[in-house]
Amino acid sequence: MKLQHYLGGLENLGPVDFEKKVFVQEWEKRIFGIHTVMMAESAHLINALPKYSVDTLPTAFKSDWTWASLRTGAEGMQPFEYFKFRYYEKWLGGISGFFVSSGYIEPDELNTRVDHYRQEPDAPLPDKPSAPIRDQIVRYLMEGDSGLRPYAGAPLFYQGDGVVIGDPVAVDHTRLPGYLRNKPGKIVEVYPGAYAYFVNTGLDGIGEPMPVYRVAFDAVDIWGEEKSEPNTTIYADLFEAYLQPPS
């Protein structure tokens, strides 16, 4: 992942914020709710394992929106800009940018609404979802969206196999932690079935269904002896596209 999205093993990035509250401010709950509603109405759910009739929902939202959409927007931020904002401020920026770029709202209209609520913070908020949308949101929260998909192939690796993690070209979004690139590991579990990802990442290699593995790494192989506690093992779940046989 890019610098700002996986800081494992990097030094001098403190101080670390040990805030334990999920939502520090009330408005953050609403941003989480907006994101959840967008996922529950996402057009891609028509092909999900739970059979959702999202094409008949009484909503103007007709786009795909997943965790990948949210993360792609955040990972695309300039790193120094990224560190300036709080967690849910980054969510707000990504969601707002998506609605503008997708044509759901014009920039001037968004600015007008922002100014309105700044001047009248107690003004009524938009109406709550209609009953069909509310039912869809509840069902989505209960049943979710599984990445498990049919797959005709066989795993390339098996439990006990040694592997080396690849070093694919950097793309807009990846599921490979940067500190694992080019590191040796061992397969400790091959998960049953195969899994697709929400989006195709292109040269990064994930999107279509493929096996997923639990890989173990000796901490010393990642960070060196001086920066690792003895007898420490790091585990990561990784798509097959990121794994290579030892040379």
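Just so we're on the same page, the numbering used here is the position in the sequence shown counted from 1, plus 6.
Using N, Cα and C, we set each Cβ at its ideal position, and we do this for glycine too.
**OP:** With DSSP as the reference, label D151 as helix, strand or coil.
**Re:** The DSSP-derived three-state label of D151 is coil.
Original post:
What runs of the alpha helix (DSSP H), each 4 residues or longer, lie entirely inside the region 82 to 148?
Top reply: Listed in chain order, they are 85 to 88, 93 to 107, 113 to 125.
Original post:
Do you know how far the Cα of V120 is from the Cα of I240?
Top reply: If I take the Cα positions, the gap works out to 45 Å.
Original post:
Are D227 and P183 touching if we call contact CB-CB under 8 Å?
Top reply: No, they are not a contact pair.
**OP:** Compute the Euclidean distance between the alpha carbons of F89 and S75, then round it to the nearest angstrom.
**Re:** In a straight line, the C-alpha of F89 is about 20 Å away from that of S75.
Subject >> Backbone CA spacing between G208 and V177 [nearest angstrom] >> reply: The C-alpha of G208 lies about 8 Å from the C-alpha of V177.
Subject >> Own chain partners of L55 with C-beta closer than 7 Å, once the 5 adjacent residues on each side are dropped >> reply: Taken in chain order, the residues that qualify are S152, L154.
Original post:
From E232 to P85, what does the alpha carbon distance come to, in whole angstroms?
Top reply: Each residue's Cα considered, the two are about 28 Å apart.
**OP:** Could you check what DSSP says for M7 in three-state terms: helix, strand or coil?
**Re:** In this predicted model, M7 has a pLDDT of only 44, less than 50, meaning its place in the structure is not dependable enough to derive any value.
Subject >> Residues of its chain near F67, where Cβ-Cβ distance is below 6 Å and the 5 sequence neighbours each way are ignored >> reply: Within the same chain, E47 come within 6 Å of F67 by CB-CB distance, once the 5 residues on both sides are set aside.
Original post:
Whose CA, out of I52, D61, W97, D114, lies closest to the CA of W33?
Top reply: Among I52, D61, W97, D114, the Cα nearest to that of W33 is on W97.
Original post:
What residue does the alpha helix (DSSP H) around F38 start on, and which one ends it?
Top reply: Boundaries of the alpha helix (DSSP H) harbouring F38: 32 to 46, taken from the DSSP string.
Original post:
Which partner residues of D224 appear in the DSSP bridge assignment?
Top reply: According to DSSP, residue pairing for D224 in a beta bridge involves T239.
**OP:** Determine the contact status of G100 and A80, defining contact as a CB-CB distance below 8 Å.
**Re:** A80 is positioned such that its CB atom lies closer than 8 Å to that of G100.
**OP:** Answer with buried or exposed for I111, where buried requires no fewer than 16 other C-beta atoms within 10 angstroms of its C-beta.
**Re:** Taking a 10 Å sphere around the C-beta of I111, we find fewer than 16 other C-beta atoms and assign the residue as exposed.
Subject >> Beta-carbon spacing of I143, T42 below 8 Å >> reply: With contacts defined as CB atoms closer than 8 Å, I143 and T42 qualify as a contacting pair.
Subject >> Contacts around P135, its chain only, beta-carbon distance under 8 Å, and the 5 residues preceding and following it disregarded >> reply: Only V43, I143 meet the Cβ criterion.
Original post:
Apart from the five residues just before and just after G109, which ones in its own chain have a Cβ nearer than 8 Å to its Cβ?
Top reply: So no residue of the chain qualifies.
Original post:
Should E149 be labelled buried (16 or more other beta-carbon atoms within 10 Å of its own) or exposed?
Top reply: Result: exposed.
**OP:** Taking only the alpha-carbon atoms, compute the straight-line gap between D243 and F38 and give it to the nearest angstrom.
**Re:** For the pair D243 and F38, the Cα-to-Cα distance works out to about 26 Å.
Subject >> N- and C-terminal bounds of the beta strand (DSSP E) containing V170 >> reply: Following the DSSP letters along the chain, one finds V170 inside the beta strand (DSSP E) bounded by residues 168 to 171.
Original post:
Is DSSP giving I212 helix, strand or coil here?
Top reply: In the three-state DSSP reduction, I212 falls in the coil class, being neither helix nor strand.
Original post:
Nearest-angstrom Cα distance between R255 and Y123?
Top reply: The structure shown has nothing for residue 255, since the chain only spans 7 to 253.
Subject >> Reference N82; option with closest CA among D141, D173, W71, H179 >> reply: The displayed chain sequence assigns Gly, not Asn, to residue 82. When each option's Cα is compared against that of G82, the closest is H179.
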